[in-house]
Amino acid sequence: MTLPSLRESLEAHGLMAKKSFGQHFLLDLNITRKIVRLGGPFDGDVVIEVGPGPGGLTRALLETEASKIVAVEMDGRFIELLGELNSVYGERFEVIEGDAMKVNEMQALVDRSLPPLAHIVSNLPYNVGTPLLIKWLTGPWQPLSMTLMFQLEVALRVVAPVGDNDYGRLSVIAQVLCDCEKLMDLPARAFTPPPKVDSAVVALKPKAERPEKAIIKNLEKVTAAAFGQRRKMLRASLKPLGGEALLEKAGITPTERAEQVSPQEFLRLASLI
Numbered sequence: 381m382t383l384p385s386l387r388e389s390l391e392a393h394g395l396m397a398k399k400s401f402g403q404h405f406l407l408d409l410n411i412t413r414k415i416v417r418l419g420g421p422f423d424g425d426v427v428i429e430v431g432p433g434p435g436g437l438t439r440a441l442l443e444t445e446a447s448k449i450v451a452v453e454m455d456g457r458f459i460e461l462l463g464e465l466n467s468v469y470g471e472r473f474e475v476i477e478g479d480a481m482k483v484n485e486m487q488a489l490v491d492r493s494l495p496p497l498a499h500i501v502s503n504l505p506y507n508v509g510t511p512l513l514i515k516w517l518t519g520p521w522q523p524l525s526m527t528l529m530f531q532l533e534v535a536l537r538v539v540a541p542v543g544d545n546d547y548g549r550l551s552v553i554a555q556v557l558c559d560c561e562k563l564m565d566l567p568a569r570a571f572t573p574p575p576k577v578d579s580a581v582v583a584l585k586p587k588a589e590r591p592e593k594a595i596i597k598n599l600e601k602v603t604a605a606a607f608g609q610r611r612k613m614l615r616a617s618l619k620p621l622g623g624e625a626l627l628e629k630a631g632i633t634p635t636e637r638a639e640q641v642s643p644q645e646f647l648r649l650a651s652l653i
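What follows is the structure, encoded as structure tokens:
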């Protein structure tokens with residue numbers, strides 16, 4: 381069976397993007413195939429896609445050698461449209477209706493005889509992109525890799541080096557836990573409807589050695605304190621967590637500010653709290 385084009389599918393089902401869901405569709409299969417190619421390979425693995433919408437990335441993923449694609453979609457309008465892919469791909473494709481932000485663990489949403497490890501590939505809705513990333517970075521369920529599209533300003537924060545204007549809490553948490561790389565930029569005109577800002581795709585690959593759960597919690601705490609008052613010296617912003625004594629123990633100058641401290645130094649602070 382030959383699938384209709386994405387635009388034809390949307391028209392046939394009378395569907396449009398919902399502003400309240402932060403939806404902007406990527407309908408150009410040449411672009412979605414490039415994203416999948418840069419994020420892969422996924423040979424023999426399971427790939428979870430959050431927020432597939434009409435299925436632009438989904439179709440590109442199904443063209444790979446991945447063993448299974450699981451699409452998690454909260455907008456019930458798209459379930460029937462996505463289900464049409466089963467006519468071509470059969471059991472290699474599964475749609476789950478649910479909200480990835482409202483479950484306790486990602487695994488609870490996708491635990492349908494799947495292996496414990498899977499990749500995540502997603503064109504994330506702008507209004508939940510950062511919270512979802514933090515959830516996947518710090519939560520109990522760990523993906524094999526993440527290939528995620530964000531609005532450009534968020535993507536730049538993920539990969540920003542220490543001292544950069546975009547360097548902040550998200551940079552630290554992402555870079556402590558993953559190797560991060562910006563793969564490609566996407567102009568607003570690539571989307572339907574076009575958003576007001578450009579986008580970018582980021583690859584995050586979890587590091588082989590992961591800090592203990594308690595240290596990750598401390599990392600969230602110390603970065604929130606430091607970057608919540610980023611104009612202050614660390615001896616002031618971190619005073620509730622130990623202040624100068626903590627900083628000296630970690631070998632960090634108390635008069636430095638948050639943007640001057642590397643991810644590994646923040647990890648050292650988190651391990652000492």
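With the sequence shown counted from 1, adding 380 to any position gets you the working numbering.
Note that beta-carbon positions come from the ideal geometry of N, C-alpha and C, so glycine has one too.
Small disclaimer: the values here were computed from a predicted structure and weren't measured.
In the three-state scheme derived from DSSP, where H, G and I count as helix and E and B as strand, F607 is classed as helix.
Within the region 398 to 431, the complete alpha helix (DSSP H) runs of at least 4 residues fall at 409 to 419. Its chain contains A568 as the residues whose beta carbon lies nearer than 6 Å to that of P574, once the 5 sequence neighbours on both sides are disregarded; these appear in chain order.
The C-alpha of L512 is placed about 25 Å away from the C-alpha of S651.
Straight-line spacing of the CA atoms in K593 and C558 works out to 15 Å. According to DSSP, residue pairing for P586 in a beta bridge involves C558. Here DSSP, grouped into helix, strand and coil, assigns E460 to helix. Assignment of L524 by DSSP, reduced to helix, strand and coil, places it in the coil class. The shortest C-alpha to C-alpha distance from S579 to any of G470, S502, G631, L497 is the one to S502. Spatial neighbours of G456 in its own chain (CB-CB distance under 7 Å, excluding positions within 5 residues in sequence) are listed in chain order as E477. If you draw a straight line from the Cα of A440 to the Cα of A588, it is about 28 Å long. Fewer than three beta-carbon pairs drawn from the region 530 to 545 and the region 618 to 625 are found closer than 8 Å, and the two stretches are therefore not classed as touching. The three-state secondary structure of I514, taken from DSSP, is helix. Of all C-beta pairs linking the region 444 to 451 to the region 421 to 432, three or more are shorter than 8 Å, placing the two stretches in contact.
In this structure, T527 sits away from I596, with a CB-CB distance that is not shorter than 8 Å. Counting along the chain, the unbroken beta strand (DSSP E) around A451 starts and ends at 448 to 453.
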